[in-house]
Amino acid sequence: MLQQKEVRVESMCLVCKMENEITEHIFLRCSVAAQCWQLMLPDLQYTGQSLLRWWDQVIEMTDKRKGTEVAAVWWSNWKARNEVVWNRKYTRVYMVIAQAKKYLDQWSNAQKSAACTSFPQLYEGDGDYTWVRPQESMIKVSVDASTFQETNASGSGW
Ligand SMILES: [Zn+2]
4 MLQQKEVRVE SMCLVCKMEN EITEHIFLRC SVAAQCWQLM LPDLQYTGQS
54 LLRWWDQVIE MTDKRKGTEV AAVWWSNWKA RNEVVWNRKY TRVYMVIAQA
104 KKYLDQWSNA QKSAACTSFP QLYEGDGDYT WVRPQESMIK VSVDASTFQE
154 TNASGSGW
């Protein structure tokens with residue numbers, strides 16, 4: 004749609020300028036992301052598989068906890084990329100991982116708080132997030148992931 008309106012969309016990665024900015028490049032192969040995985044998952048080789056297949060392999064090789072950490076690093080990496088693109092501010096790899104752990108801790112604490120809440124009950128629609136259309140010339144990527152201990156299932160999407 005952006006191209007139909009003749010808004011120029013840069014296809015080359017704005018961070019490394021080495022490859023096209025496709026999902027697998029952003030979350031697996033771009034410099035900071037690749038270094039995160041070398042540190043966190045040194046035994047997992049990237050062989051060109053899709054992001055979802057790669058994540059399935061993470062779950063198969065490790066556990067759901069690691070899968071949740073991976074999703075948090077995706078989010079942290081996305082925020083770090085935005086800092087490069089919009090503010091020319093580079094985030095070190097260890098900070099991307101540390102931020103991801105911080106997000107997980109905050110999320111974990113929020114879950115505990117919700118369990119202890121003084122609200123008598125939750126209603127349908129509580130906590131819903133309404134998607135908001137991005138400004139013209141902007142690309143919006145929404146990422147989410149969940150794990151379910153009871154059914155030993157997990158999933159992600161964007
Ligand atoms: Zn890149």
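Numbering (our numbering), first residue to last: 4 to 161.
Note that beta-carbon positions come from the ideal geometry of N, C-alpha and C, so glycine has one too.
Comparing C-alpha positions only, which one of the options sits nearest to residue i?
i: Lys82; options: Leu55, Pro137 and Gln102; result: Gln102
i: Val88; options: Glu153, Thr154, Ala156 and Ile29; result: Ile29
i: Asp46; options: Met98, Gln60 and Glu139; result: Gln60
i: Ser159; options: Thr65, Thr50, Met141 and Trp57; result: Trp57
i: Thr71; options: Tyr49, Gln52 and Ile100; result: Ile100
i: Trp110; options: Ile142, Ala74, Glu86 and Met64; result: Ala74
i: Ala156; options: Gln114, Arg68 and Val144; result: Arg68
i: Glu24; options: Arg84, Met64, Leu44 and Ile62; result: Arg84
i: Ser79; options: Met64, Leu107, Asp66 and Glu139; result: Leu107
DSSP on residue i, reduced to helix/strand/coil?
i: Gly70; result: helix
i: Asn238; result: The requested residue 238 does not occur in the structure, where the chain is confined to residues 4 to 161.
i: Met15; result: strand
i: Met4; result: Note that Met4 scores 49 on pLDDT, short of 50, meaning its location in the model is unreliable and no value can be drawn from it.
For residue i, collect the residues of the same chain with a Cβ closer than 7 Å to its Cβ; drop the 5 residues on either side in sequence, then sort them by chain order.
i: Cys33; result: Cys16, Val18 and Cys19
i: Gln14; result: In the sequence as presented, Gln is not what sits at residue 14; that position holds Ser. Taken in chain order, the residues that qualify are Asn23 and Glu24.
Within the present structure, is the beta-carbon of residue i separated from the nearest heavy atom of ligand 1 by less than 7 Å?
i: Cys33; result: yes
i: Met64; result: no
i: Cys19; result: yes
i: Glu86; result: no
i: Glu22; result: yes
i: Cys16; result: yes
Among residues of its own chain, excluding the 5 on either side of residue i, which ones have a beta-carbon nearer than 8 Å to its beta-carbon?
i: Val96; result: Val35, Gln38, Cys39 and Leu42
i: Glu86; result: Lys92, Tyr93 and Thr94
i: Lys105; result: none
i: Phe151; result: Ser157
Whose C-beta lies closer than 6 Å to the C-beta of residue i among residues of the same chain, with five residues either side of it excluded?
i: Leu54; result: Thr26, Glu27 and Phe30
i: Glu22; result: Cys16 and His28
i: Met98; result: none
i: Lys143; result: Pro137
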